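For reference, the structure discussed in these notes is given below.
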Amino acid sequence: MSQQNLNQIVIDYLAKKGYTRTEATLRAESAQHDISGPMPNSNGPTGPPKHVEAFEALKNWVDDALDIYKPELRRLLWPIFAHSFLSLISSLWMREGRKLFDLYKNLFMQDHAQDVRALERISLPEHLQDNATAKLYRENKYRLTVSEPAFFHLMQFLEGLADNKGRLLIPILESQCNIKLADRASDDRYSFAALLARGKETQDLPAEDEGIPGHHPGSAYTGDKPGLDGVLTKVRLGKLPMETELEGDVRAELEEIDEKQPPGVGEDSLVKTHEMINIKQEEDDEGPSRGDIPYPPSTARDVAMEVQKIRENRDRFRIEKNARTGGIGPSMSVCMFTFHNTFDSVTCIDFSGDNNLAAVGTSESYIRVWSIDGKAISTVDSSMPPSNSHRLIGHSGPVYAVAFAPATESSSDIEGISETRTHWLLSSSADSTIRLWNLDAWQQIVVYKGHHGPVWDLCWSPFGHYFVTGGHDKTARLWATDKVRHLRLLAGHDDGVDVVAYHPNTAYVFTASSDRTVRMYAVTNGQAVRMFTGHPNPITALACSKDGKQLASGDDAGNIFLWDLASGRLFKRLKGHGKGGIWSLSYSVESTVLVSGGADGTVRVWDVHPAAKPYTNQPSGNASVAQIAGSGTTDSTKDGAASGGGGAQSSTVATTSTAVGTMTSSIGGTGKRRKDDVVSWEQISAFATKKSPVYKVKVTGRNLVIAGGTIVPSQGKKLFERPIGSLSSRSRLEPLPWQDFFEQELFLPHQLDDSQIMHHAYLTSPRIGGPLFVTHHGAGSSGLSFAAFTKEIRALLPDAGVLSLDCRGHGLTVQTPEPDITDLELGVLSSDLGFVVKATQDQMHWKTSPDIVLIGHSLGGAVTTDLAKKGMLNPKVLAYAVLDVVEGSALDALQSMETYLSTRPTGFPSLASGIEWHSRSRTIRNQISARVSVPALLHDISSSPATFLASSSAAASDPKPWKWRTDLSATKPFWENWFTGLSSKFLTAVPGAGKLLLLAGTDRLDKELMIGQMQGKYQLQVFPEAGHFVHEDQPAKTAQVMADFFRRNDRGALVLPPKVGAMKK
């Protein structure tokens, strides 16, 4: 037991008995406060600080404030709330802190949901050091900009609060906040007109300069030095000039084409178009020089590509800035490709620049490339049969991003010009690698290594050769295809880099992170030159305009923000997408129109240069639906993955709708608008699919829109939930807090002869008359292995409770002093479990123990059976269940246990990689279970006290600092003791009690259990689709079986048949 836990137990006792002076003294000493002053007044209890009452008074005052000040005053509530909560926890007022948090957390879920969920995990002072969000708030100041009148109005109110409540809040503003006072005259954002307009907005999003660390809008500097605050680095957003030799070759080709194919009436020549888009620059558009960004010498293919780009630009569908009049926008069409029967395995989609190929990455670690027109794809390997698709195998984890190298449509109508089709594909994966594939040989060429953890996204430079990647390790990296090591390491984000994008002139790259910021880096030196903040949710999509002056960012709440790169300021917010996130953005050639696609199954077209007045009529896309392309099919496999090599070509969609990975294409839209969408008037069109989330949108060089998505036509499917391994896969590796599954955690002191154990357990209390499921985990696991089960059983039996402990040597249960070898003898563990059940009853003040159902997995099955045999909890034990452990097979498996342990990773670079390993290795086959249970299995030795490390310096440099909490190899002396005699005890432990054996396979039954099963002594249930952790792999099915098992043995529900005499009446 830690000293702090012991102090808290004594403090709670003193408070309960009313010993206020002694309590105050001990609390002050525990917090290392100076107590040399006078003792607390004995005439009345001191009590906890009145943060709850003070915050309630402040909230009510803000709600009643003038409308012109209300939006900015509301922004002050969040830092005051967060620091009040953290202050209470650190001062050992845990109950008051939880009360404040639970009462008001919902006020901030819209703008600060991620931080609220992170802080929700804190219940003890020890948690403050382990919680990254808490450390961020305590070590940095929260920046806010407030108008002078509003701030002075606030201070007057706080100073006038009764009972000195204002003194609790004013220090937070002074020491924990960096408040910038804005003068109305010098800042247009705080003029009366702006304040009045802001007060009328229905959604007040955080300001660009708000937050931690907080910064001047656009500036990448986050410090407090006045001389640097607000200084914007000059950026060169103009075009990258052509090489002199390349420009001459392109001009010569264009002149020859103009001579052979003269332009039509009113049509510009190709040479003039070339001068307009590649030569002419606006006066203020300074661009980078060729010397700043070295590229390989140009080739004939480069000439052909530039020529084709110019032809596409001249012949494109034009969208001018004044094209939108009278509420009618450009009549853009969308070609949507839908991938059927993918069984949620598709994680990402990309289309080639020549519009001939489509590539998808899958959670099964392979990539499949299709021809869009259904024709056979060419290959240099004559031994490969003709096929309209190819599979690329090489990654050892889910593929999170694929990207074709830049290409253009081939100029087949011009003789002597080189082909410009796609030859290369990049992919990134959870295996921490980026791979370069050749699309002529269909082989892997290079493996790029450098990231630590999953690589979430990648993007080619507009001219090829270079590419940028972003990963879970909080960094982005700049690469060249001819170098296996990265050229630049781009650091600065506080969380994983989820999305990356390139500037059209290749001089800058953009990175977006789950820390809700976007950063702009110069590729020449790797320094951040802009930072954009204001998104209330993690960012999931980025796109830079073709003219290089704007950046669009979309988040997982459906918001699109438009940023001006020169000033670094937000100039527009677009709303219209439903919940689930925006997954792809793309600008038109003119940079006047933005196209977006996302989880709500729509493709939306936005006017980014709107007219001065909003239009009242908001039209939706209404193009007709038409099937336009052949479909490629492949052989079906059991799990929905396509088999290698492809298959026969089909000409109609109908005959291929059941094939794996079938592609259909359509042009269309719908006039329906979803009820929950609040649509900005800048929206031009909305094209809705029936059931397909949109993974990718792309505006071609001719201003045509291509989109791609998937669909799994199964009943009960959440159609707009992004599949595992998508751009939001990062969030699928984040730990889930135990509070999402249990009501509370318990610390139960247990005094032994020579030591003390602080038992740790998770509890969801039963309601009156409800049963208590007491669970015990297996060796090396923790009480959180039953978290997902707890949530499911509570849904089926609302009155039921669950008590799930961490056994000694596991989870958060601590023995003091720590023994050299933890005693894990079976009798000791079963006695521990009996003690925890009784101690829980005492601590929760239950007058009588509820009826108990014992459940144990693996080692836990042996423990619960031994406890039932001892009769420590009788007569309250209704039934007991054992999960996937049988005496005979368990003893046989011990012979290979050491071999298995030697194959496990010794550690992980991050908590997320540990979760990912358990999922990918199918150790735990349910991702929700893995996210909640795996964090309890690991601990970060780099943040542990040096006394617990062989070498603190070695731990700091360990690339895999997340180690196993429990050394399973050290438990070897107890292995046989756990399982010997298990079958006999299981069959005879509690006469009359229900018995259930839940297995992952019937081959695990030994002779004694097989005879008992035939005699009907126990219930046998088999989940053949589950692994060893049946309750984690199949929590819903396990809960259903347990609910039925309880009902079958519930004594309170026993109904006797009526007497014969009563029936005669």
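Here the working numbering runs 1372 ahead of the position in the sequence shown, where the first position is 1.
Cβ coordinates follow ideal geometry from the N, Cα and C atoms, glycine included.
For clarity, every value in this text was computed on a predicted model and none was experimentally measured.
Can you tell me the Cα-Cα spacing of residue i and residue j, whole angstroms?
{"i": "Leu1862", "j": "Leu1942", "result": "23 Å"}
{"i": "Thr1912", "j": "Gly1969", "result": "11 Å"}
{"i": "Ala1485", "j": "Asp1928", "result": "12 Å"}
{"i": "Asp2416", "j": "Gln2393", "result": "12 Å"}
{"i": "Ala1554", "j": "Val1518", "result": "6 Å"}
{"i": "Gly2384", "j": "Asn1503", "result": "50 Å"}
{"i": "Val2069", "j": "Val1977", "result": "11 Å"}
{"i": "Gln2187", "j": "Asp2312", "result": "19 Å"}
{"i": "Val1622", "j": "Lys1681", "result": "11 Å"}
{"i": "Pro2143", "j": "Met2269", "result": "36 Å"}
{"i": "Ala1534", "j": "Thr2147", "result": "50 Å"}
{"i": "Met1481", "j": "Val1488", "result": "7 Å"}
{"i": "Thr1805", "j": "Ala1676", "result": "32 Å"}
{"i": "Phe2401", "j": "Ser2285", "result": "20 Å"}
On a Cα-Cα basis, can you pick out the residue from the options that is closest to residue i?
{"i": "His1795", "options": "Glu1428, Gly1836, Ser2261", "result": "Gly1836"}
{"i": "Leu2283", "options": "Met1704, Pro1778, Thr2295, Ser2305", "result": "Ser2305"}
{"i": "Arg1860", "options": "Asp1867, Ala1848, Asp2192", "result": "Ala1848"}
{"i": "Ser1737", "options": "Thr1751, Ile1744, Asn1728, Val1718", "result": "Val1718"}
{"i": "Glu2190", "options": "Ser2127, Asp1487, Ala1775", "result": "Ser2127"}
{"i": "Ser1547", "options": "Asp1474, Phe1839, Ser1459", "result": "Ser1459"}
{"i": "Lys1846", "options": "His1823, Lys1681, His1858, Phe1839", "result": "His1823"}
{"i": "Leu2178", "options": "Ser2153, Asp1866, Leu1937, Val2200", "result": "The amino acid occupying residue 2178 in the given sequence is Asp; Leu does not appear at that position. Taking only the C-alpha atoms, the option nearest Asp2178 is Ser2153."}
{"i": "Leu2168", "options": "Val1622, Gln2412, Lys1422", "result": "Gln2412"}
{"i": "Leu1479", "options": "Pro2222, Arg1510, Ile1461, Val1434", "result": "Val1434"}
{"i": "Ser1868", "options": "Ala1884, Leu2309, Gly1950, Thr2194", "result": "Reading off the sequence, residue 1868 comes out as Gly, not Ser. Among Ala1884, Leu2309, Gly1950, Thr2194, the Cα nearest to that of Gly1868 belongs to Ala1884."}
{"i": "Pro1668", "options": "Leu1798, His1907, Glu1615, Cys1707", "result": "Glu1615"}
{"i": "Lys1921", "options": "Met1892, Asn1897, Lys1947", "result": "Met1892"}
{"i": "Glu1582", "options": "Pro2407, Ser1705, Leu1445", "result": "Leu1445"}
When burial is assigned at 16 or more other CB atoms within 10 Å of the CB, is residue i buried or exposed?
{"i": "Tyr2272", "result": "exposed"}
{"i": "Glu2259", "result": "buried"}
{"i": "Gly1636", "result": "exposed"}
{"i": "Asn1877", "result": "buried"}
{"i": "Gln1528", "result": "exposed"}
{"i": "Trp2218", "result": "exposed"}
{"i": "Phe1524", "result": "exposed"}
{"i": "Glu2054", "result": "buried"}
{"i": "Ile2193", "result": "exposed"}
{"i": "Lys1918", "result": "buried"}
According to DSSP, is residue i part of a helix, a strand, or is it coil?
{"i": "Trp1935", "result": "strand"}
{"i": "Tyr1959", "result": "strand"}
{"i": "Arg1945", "result": "strand"}
{"i": "Ser1735", "result": "coil"}
{"i": "Pro2121", "result": "strand"}
{"i": "Trp1450", "result": "helix"}
{"i": "Lys2248", "result": "coil"}
{"i": "Asp2312", "result": "strand"}
{"i": "Gln2385", "result": "helix"}
{"i": "Thr2319", "result": "Confidence is the limiting factor: at Thr2319 the pLDDT is only 33, short of 50, which leaves the residue's position unreliable, though a coordinate-based value still follows. Three-state DSSP puts Thr2319 in a helix."}
For residue i, collect the residues of the same chain with a Cβ closer than 8 Å to its Cβ; drop the 5 residues on either side in sequence, then sort them by chain order.
{"i": "Arg1945", "result": "Leu1577, Asn1931, Ile1932, Phe1933, Leu1934, Ser2052"}
{"i": "Gly2206", "result": "Leu2239, Lys2242, Met2244, Leu2245"}
{"i": "Arg2303", "result": "Arg2104, Leu2105, Glu2106, Pro2107, Leu2108, Ile2287"}
{"i": "Glu1492", "result": "Phe1473, Lys1477, Pro2109, Gln2111"}
Take residue i and list the residues in its own chain whose beta-carbon comes closer than 7 Å to its own, dropping the five residues that flank it on each side.
{"i": "Asp1674", "result": "Leu1618"}
{"i": "Ile2083", "result": "Thr1710, His1712, Lys2063, Ser2064"}
{"i": "Ser1768", "result": "Ser1737, Asp1803"}
{"i": "Ala1894", "result": "Ala1879, Tyr1880, Val1901"}
{"i": "Thr2338", "result": "Gly2152, Gly2181, His2182"}
Report all residues from its chain with a CB closer than 6 Å to the CB of residue i; omit the five preceding and five following residues, and keep chain order.
{"i": "Ile1452", "result": "Leu1541, Ile1544"}
{"i": "Glu1658", "result": "Arg1608, Gly1610"}
{"i": "Asp1866", "result": "Asp1887"}
{"i": "Trp1530", "result": "Strictly speaking, residue 1530 in this sequence is Leu, with Trp absent from that position. Counting only Cβ-Cβ distances below 6 Å, and skipping sequence neighbours, we find Gly1538, Leu1541, Ile1542."}
{"i": "Ser2221", "result": "Gln2213, Lys2248"}
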